[in-house]
Each structure stands twice: as C-alpha cells, then as structure tokens.
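Report on one structure; see the data block that follows.
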Amino acid sequence: MAYIAEKPQPFLHCPARPAISWRKLNCSFETYLIAAGCEKFSPRGKAAFLKTFLGAEANRTARMIESARPACASTGNDYEYLVQGLVAHFDVSTSQRANRIQFRSLCQAETESAIDFARCVQYVGRQCNFGSDEVASLVDQPIVGLASDHTRERLLTEGPALTSDKAIQIIQNVTVVQDLMQRYRATREEIVQAIDKAQRTRPLRFPNREFRSATFRINHRSSPPTTCGRCYRTWHKLQQCPTRFPLPDFRPTMSRN
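Those letters in the sequence shown? Residues 0 to 256, per numbering that gives the first Met the number 0, in order.
Here it is, written out as structure tokens:
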C-alpha cells in the first residue's frame, strides 16, 4: 500500500534555498501518508519515512536535530519531535509588512496563466493583514499585474461589487474564450492555406477574359456574313440582290398648267 501514490519530490538535496516552503512539503507528506495507507505507522516509522522525502542536505539537518535531542525526551514521539525541529529550522516566518511588499510586487510571468496568477494573488493576499482594505486589495492587484489588456478591461468594467472570487471566475471565463478563439484562428489559417495551395497547383479550366475577348473578335471578323449588306435579308451574292437596279418612281407628277 505504500507505493500506490506518487511520491513528492525531495525537499532539499544540497545547501540552498528550498524550492518550496516547509509547510507545503509537510502538507504533501501528510497527504501522501493517507493516500498510501501509512497513517497507521508507528512514530518511529513515520519519522524514517519522512527522511526519504527530505533529500541529502535536509537529512543532515534532521540528524543534527536528533543528535541534539535531550535524553529526557528520548521516550517521546520521534515523529513529532523531528517535525517540530524541522519547522523551527526551515519555516522562517516573515512579517506582515514583508508579505504586503511581496503582494504588491506580484506580476504575471510569461509562462504563467492568468488564472494561476489570480489564485496566487489571492493566496498571498490572505496572508497579509490589510484590514478593511482586504477586499479592494485582492481585486486591484490582479488587475495591475495581469499581462492581458483585454482581461484587464473586462475586470475594469465591473462595478464596485466585484470580489476576488468573482474576479477569478471572470478571468477563467475570458481565458477559456481566448483559448477557443486561438484554436479557431489556427484552424481557419490552415484551411485558407490548403485552399490557396490547391488553387495554385490546379490548372485553369478557362483562359483569362482578355484572351477570350481577343479570340472572339478574330473569329467574328473571319466568319462569313449572314445577311446582305444592302437589303439586310438572307445573305446572297450582290448580283442576286433585288436592290441592284434602281426602283421606278411611282410618285405623281404635278402639271405645270
């Protein structure tokens, strides 16, 4: 049962600043114990199991904590004593002023989505003591730090009733719509390129208009006439045209008397 869940990453391999805080690691470890069915382990077994998550450098710190344990406390809970020592060593508490400075400097990174940034702002902001300005601060900072102008304008159009949870919901909806539009544009560009390529490779079925007009004029001039040029009847030779002789004048003449 101890291997059904994914094991978290080691906390600290070499002397450096941990990638995650001790509180997050401890929470992940407690969740792993429950998921793997190890919550019934003895305190000594839990302490040994915790050491497999620490890494080389953090294990060195754990050995120092255990070596400094007084003899009178050797009969106590090994797991709780180790956790308390690691908390005192790694969990460096910061002042609320430092938390507020960190909160106001939050900006969306290039590889960070808008919804992840908004949730990070909400998490950090709730650790600060803004007092009566907490609601306004949790709403204003995502608007300031967002990278998308469209999302920022969408949040600015909301009224004074905008809350942090509602802002996160709006950011999530806008992000989903932007992703759909981006996929639609990519698909549309692929279709347009495919049609353009097919039109370029396919031969023309008819010549262009200018060539057809010139061909029609040439053929029209070289074709024989269909009507006579004098009487406008069915075409015949000029010798056979009834109008080749002048017609008699049947108009009455007036006498001079």
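For each residue, glycine too, the CB sits at the ideal point set by N, CA and C. Bear in mind that the values here come from a model prediction, so they are computed numbers and not experimental data.
What number of angstroms, rounded off, separates the C-alpha of residue i from the C-alpha of residue j?
i, j, result
"Phe129", "Asn25", "28 Å"
"Gln171", "Ser112", "10 Å"
"Glu152", "Gly144", "13 Å"
"Phe210", "Asp178", "In this prediction, Phe210 scores a pLDDT of 49, lower than 50, which makes its location untrustworthy; the coordinate-derived value is nonetheless stated afterwards. Looking at the two C-alpha atoms, the distance is approximately 49 Å."
"Ala166", "Cys119", "13 Å"
"Gln192", "Ala185", "11 Å"
"Ala55", "Arg62", "11 Å"
"Arg103", "Ala35", "40 Å"
"Pro141", "Pro159", "15 Å"
"Ser20", "Asp115", "18 Å"
"Ala1", "Gln107", "Bear in mind that the predicted position of Ala1 carries a pLDDT of just 45, short of 50, making it unreliable; the figure below should be weighed with that in mind. So the two alpha carbons sit approximately 38 Å from each other."
"Gln83", "Ile33", "20 Å"
"Arg125", "Glu133", "8 Å"
"Gln101", "Thr60", "28 Å"
"Pro241", "Thr226", "14 Å"
"Ser27", "Arg182", "36 Å"
"Lys196", "Glu189", "11 Å"
Spell out the partners DSSP gives residue i in its beta bridges.
i, result
"Thr162", "Beta-bridge pairing links Thr162 to no other residue."
"Thr226", "Thr233"
Could you spell out where the alpha helix (DSSP H) holding residue i opens and where it closes?
i, result
"Leu49", "Pro42 to Leu53"
"Phe116", "Ala113 to Gly124"
"Ile33", "Trp21 to Ala34"
"Thr150", "Asp148 to Leu155"
"Arg68", "From DSSP, Arg68 is part of no alpha helix (DSSP H); its letter is neither H nor E."
"Asp282", "The question about residue 282 has no answer here: the residues shown for the chain are numbered 0 through 256."
Going by C-alpha distance, which of the options is nearest residue i?
i, options, result
"Pro42", "Phe52, Leu32, Asp77 and Ser20", "Asp77"
"Arg22", "Lys45, Val86 and Glu65", "Val86"
"Phe52", "Gln181, Glu29 and Ser163", "Glu29"
"Val138", "Arg99, Gln83 and Leu161", "Leu161"
"Ser147", "Val173, Gln238 and Leu49", "Val173"
"Tyr80", "His88, Ser94, Phe89 and Glu65", "Glu65"
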